[in-house]
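*Asks:* Structure incoming, see below.
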DNA sequence: TAGATTGTTAATCGATTAACAATC
DNA sequence: TAGATTGTTAATCGATTAACAATC
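Residue numbers (our numbering), protein chains in the order written: chain A, 130 to 341; chain G, 130 to 341.
What follows is the structure, encoded as structure tokens:
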């Protein structure tokens, strides 16, 4: 059923949005929808939607549109939400804490299994059902549990050391909230960056632009 | 000195990174640097760096390189970090709380002036030197203080109503942590989206890809 | 001056959009 | 069948990269 083995990253980055949209449509009882309809509702071109969905083809019917539920399932399958990747969180500051408490990792194809921090005030306390471990236990834990991904919420200056240790331990994926350029320094890894400061500066810039 | 009035968004999105990098170089006492050197350190092509910096030209010298400090100042000026935009935060849940506590708005060209929430348990409590106000006071506050930007950390279902009220009150910029598509529903506004769930799903996908 | 490096134009690459034949 | 809508190819657009003349 899958047509292209390599789907381009811009397409992949749109999939979570399609996924959410299709779920909403299902809940409204919509069973099928045309690319034209979807384009109006999502603010994309119908052409782009057809191109995107065609990457893993077979869900549209000429003259009729796309079957909502099969399409939803297929996107979930492509994103791999049912196969869960174990992830650990390093740095339980304000942001790390918020992420650990609020995100529904299970629904997103991940499972949060451990929290680490250096602060004696935090170590041993519970957050979202997990006990914060001392960062010194990173090696022991990873050697035993072999997590493949880490969520990095430490201060920028701590990042290079932590990433080095984690890559040695076999961690290949990072959800990176620091400004340390993981992908550049560790070519074998996969890093998704969340640069909150950069994003806010861009908003600041765009607001100050005379005409948009 | 400014050469292009319209700098493309991809270039703008790279500016915060240049800005940080140049600050680091200054702190190391580096006074000038060539695009080739910078390209090695930042993992961009020298060509792209020259194209980018040339949008607001005049900081390079042939045979010599770029003056670090003037370039740093100019990027700060373009991003408008010294002119501060007033911003209010709606929704002091885990993420909103973390943002309010941790981000240094001042350094990023913004000033956080008020927090709003619906929860009686939160209203009246202090976060980062600000008292959480009831969301019902949004209109009164905005009519008086006329903030131009809002940081949206409410649940998705609350977003359409809040955004509608805020745009009526003259708020034109949103730092959007919800999945509500503000730019699509309110064409006049500027929205920077932080879609944490989407980002995590993309990481999950990339980790599960056979070869990268 | 010679060497280095920019500023800028041209070439390439990739993603988006348009068009339309295929087909439900 | 006629109408609608996809799948897919071709055209367009924009961003990145390469090349090199200008010049410090």
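Each residue gets a CB set at the ideal place from its N, CA and C atoms; glycine is no exception.
The model shown is predicted, which means the values in this text are computed figures rather than measured ones.
Just the C-alpha distance for residue 235(G) and residue 154(A), rounded to the nearest angstrom, thanks.
*Replies:* Walking along the second chain from the start, residue 235(G) turns up at place 106. Walking along the first chain from the start, residue 154(A) turns up at place 25. Taking the straight line joining both Cα atoms gives about 41 Å.
*Asks:* Does the beta-carbon distance from residue 85(A) to residue 332(G) come in below 8 Å?
*Replies:* Because residue 85(A) is not part of the residues shown, which for chain A are 130 to 341, the question remains open.
*Asks:* For chain G, find out if any of its Cβ atoms is closer than 8 Å to the Cβ of residue 211(A); answer yes or no.
*Replies:* In the first chain, residue 211(A) corresponds to position 82, counting from 1. No - not a single Cβ of chain G is within 8 Å of the one on residue 211(A).
*Asks:* Does DSSP classify residue 250(A) as helix, strand or coil?
*Replies:* Taking the first residue of the first chain as 1, we reach residue 250(A) at position 121. Note: residue 250(A) maps to coil in three-state DSSP.
*Asks:* From residue 137(A) to residue 216(G), what distance separates their C-alpha atoms?
*Replies:* Sequence index remark: in the first chain, residue 137(A) carries index 8 (1-based). Sequence index remark: in the second chain, residue 216(G) carries index 87 (1-based). Taking the straight line joining both Cα atoms gives about 36 Å.
*Asks:* Counting only the same chain and skipping the five closest in sequence on each side, list residues whose C-beta sits under 6 Å from that of residue 320(G).
*Replies:* Here residue 320(G) refers to the residue found at position 191 of the second chain. Taken in chain order, the residues that qualify are 303, 305, 311, 312.
*Asks:* With a Cβ-Cβ cutoff of 8 Å, do residue 256(G) and residue 229(G) count as a contact?
*Replies:* The residue labelled residue 256(G) in the question sits at position 127 within the second chain. The residue labelled residue 229(G) in the question sits at position 100 within the second chain. Against a cut-off of 8 Å, the Cβ pair of residue 229(G) and residue 256(G) comes out as a contact.
*Asks:* Consider the Cβ of residue 214(A): report whether some Cβ of chain G lies at a distance smaller than 8 Å.
*Replies:* By one-based count along the first chain, residue 214(A) stands at place 85. Yes, residue 214(A) lies at the interface with chain G (some Cβ there is under 8 Å from its Cβ).
*Asks:* Can you give me the start and stop residues for the alpha helix (DSSP H) that residue 270(A) sits inside?
*Replies:* Position 141 of the first chain holds residue 270(A). First-last of the alpha helix (DSSP H) with residue 270(A): 267-274.
*Asks:* Buried or exposed, going by whether 16 or more other CB atoms sit within 10 Å of the CB of residue 246(G)?
*Replies:* Your numbering for residue 246(G) matches position 117 in the second chain. So residue 246(G) counts as buried.
*Asks:* From the DSSP output, read off the bridge partner residues of residue 256(G).
*Replies:* The sequence position of residue 256(G) within the second chain is 127, counting from 1. DSSP, once it has assigned bridges, lists 259(G) as partnering residue 256(G).
*Asks:* Using the rule of at least 16 other Cβ atoms within 10 Å of the residue's Cβ for burial, across every protein chain shown, is residue 249(G) buried or exposed?
*Replies:* For this step, residue 249(G) is matched to residue 120 along the second chain. Exposed, since its Cβ has fewer than 16 Cβ neighbours within 10 Å.
*Asks:* Just verifying my parser: in three-state terms, what is the DSSP assignment at residue 296(A)?
*Replies:* As a position in the first chain, residue 296(A) is number 167, starting the count at 1. Reduced to three states, the DSSP call for residue 296(A) is helix.
*Asks:* Which word fits residue 197(A), buried or exposed, when buried means at least 16 other C-beta atoms lie within 10 angstroms of its C-beta?
*Replies:* The residue labelled residue 197(A) in the question sits at position 68 within the first chain. Classification for residue 197(A): buried.
*Asks:* Please give the ranges of any alpha helix (DSSP H) in the segment 146-197 of chain G, keeping only runs that are unbroken, at least 4 residues long and fully inside the region.
*Replies:* With a minimum length of 4 residues, the continuous alpha helix (DSSP H) runs that stay inside the segment 146-197 of chain G are 164-171, 175-183.
*Asks:* Taking 8 Å as the threshold (beta carbon to beta carbon), is residue 201(A) in contact with chain G?
*Replies:* Start at 1 with the first residue of the first chain, and residue 201(A) comes out as number 72. Closer than 8 Å: no.
*Asks:* Within 10 Å of its beta-carbon, does residue 145(G) have 16 or more other beta-carbons around it, so buried, or fewer, so exposed?
*Replies:* Taking the second chain and counting its residues from 1, the one referred to as residue 145(G) is at position 16. Buried, by the Cβ-count rule.
*Asks:* May I ask which residues mark the beginning and end of the alpha helix (DSSP H) holding residue 326(A)?
*Replies:* Looking up residue 326(A) in the first chain gives position 197. Counting along the chain, the alpha helix (DSSP H) containing residue 326(A) begins and ends at 325-337.
*Asks:* Does the distance from the C-beta atom of residue 282(G) to that of residue 237(G) stay below 8 Å?
*Replies:* On the second chain, position 153 is the one that residue 282(G) refers to. On the second chain, position 108 is the one that residue 237(G) refers to. No.
*Asks:* Does the distance from the CB of residue 209(A) to the CB of residue 337(G) come in under 8 Å?
*Replies:* As a working mapping, residue 209(A) is identified with position 80 in the first chain. As a working mapping, residue 337(G) is identified with position 208 in the second chain. Contact flag set, yes.
*Asks:* Should residue 164(A) be labelled buried (16 or more other beta-carbon atoms within 10 Å of its own) or exposed?
*Replies:* Here residue 164(A) refers to the residue found at position 35 when the first chain is read from its first residue. Burial call: buried.
*Asks:* With distances taken from CA atoms, which of 185(G), 330(G), 297(G) is nearest residue 140(G)?
*Replies:* On the second chain, residue 140(G) is found 11 positions in, with the first residue counted as 1. The shortest Cα separation from residue 140(G) among 185(G), 330(G), 297(G) belongs to 185(G).
*Asks:* Can you pull the chain A residues whose beta carbon is under 8 Å from the beta carbon of residue 323(G), in chain order?
*Replies:* Along the second chain, one-based indexing puts residue 323(G) at 194. Under the 8 Å cutoff, chain A gives 323, 325, 328.
*Asks:* Using only alpha-carbon positions, find the residue among 244(A), 260(A), 261(A), 135(A) that is nearest to residue 181(A).
*Replies:* Taking the first chain and counting its residues from 1, the one referred to as residue 181(A) is at position 52. When each option's Cα is compared against that of residue 181(A), the closest is 135(A).
*Asks:* So with Cβ pairs under 8 Å, would you call residue 145(A) a contact of chain G?
*Replies:* Taking the first residue of the first chain as 1, we reach residue 145(A) at position 16. Chain G contact via Cβ: present.
*Asks:* Could you name the residues of chain A that residue 141(G) contacts, counting a contact when the two beta carbons are closer than 7 Å?
*Replies:* In the second chain, counting from the first residue as 1, residue 141(G) sits at position 12. Those within 7 Å of residue 141(G) in chain A are 331, 334.
*Asks:* By the criterion of Cβ-Cβ separation under 7 Å, what are the contact partners of residue 177(G) in chain A?
*Replies:* On the second chain, residue 177(G) is found 48 positions in, with the first residue counted as 1. Result: empty, since nearest Cβ-Cβ is about 14 Å, beyond 7 Å.
*Asks:* Identify the contact partners of residue 231(G) in chain A, using a Cβ-Cβ distance below 8 Å as the criterion.
*Replies:* As a first step, residue 231(G) must be located in the second chain, where it is residue number 102. Near residue 231(G) (Cβ distances below 8 Å), the residues of chain A are 222, 223, 224.
*Asks:* Answer with yes or no whether the minimum CB distance from residue 275(G) to chain A is below 8 Å.
*Replies:* The residue you call residue 275(G) lines up with position 146 of the second chain. No, because no Cβ of chain A sits closer than 8 Å to the Cβ of residue 275(G).
*Asks:* Using the DSSP secondary-structure output, state which residues sit across from residue 218(G) in a beta bridge.
*Replies:* Residue numbering aside, residue 218(G) sits at position 89 when the second chain is read from its first letter. According to DSSP, residue 218(G) bridges with 244(G), 280(G).
*Asks:* Looking only at its chain, what residues have a beta carbon closer than 8 Å to the beta carbon of residue 212(G), apart from the 5 residues adjacent to it on each side?
*Replies:* Start at 1 with the first residue of the second chain, and residue 212(G) comes out as number 83. Counting only Cβ-Cβ distances below 8 Å, and skipping sequence neighbours, we find 238.
*Asks:* Over what stretch of residues does the alpha helix (DSSP H) that includes residue 238(G) continue unbroken?
*Replies:* As a working note, residue 238(G) is residue 109 in the second chain. Note, residue 238(G): premise wrong, no alpha helix (DSSP H); not H, not E.
*Asks:* Return yes when the Cβ of residue 231(A) is within less than 8 Å of the Cβ of residue 221(G), no when it is not.
*Replies:* As a first step, residue 221(G) is located in the second chain; it is residue number 92 there, counting from the start. As a first step, residue 231(A) is located in the first chain; it is residue number 102 there, counting from the start. Against a cut-off of 8 Å, the Cβ pair of residue 231(A) and residue 221(G) comes out as no contact.
*Asks:* Let's test the definition: count the other Cβ atoms within 10 Å of the Cβ of residue 272(G) and tell me whether it reaches 16, buried, or not, exposed.
*Replies:* Residue numbering aside, residue 272(G) sits at position 143 when the second chain is read from its first letter. Label assigned to residue 272(G): exposed.
*Asks:* I want to verify the contact list: residues of chain A whose CB lies under 7 Å from the CB of residue 310(G), in sequence order.
*Replies:* Looking up residue 310(G) in the second chain gives position 181. Within chain A, the residues near residue 310(G) are 172.
*Asks:* I want to see whether chain A comes within less than 8 Å of residue 283(G), judged by CB atoms only; does it?
*Replies:* For the purposes of this step, residue 283(G) is identified with residue 154 of the second chain, where counting begins at 1. Residue 283(G) does not count as touching chain A.
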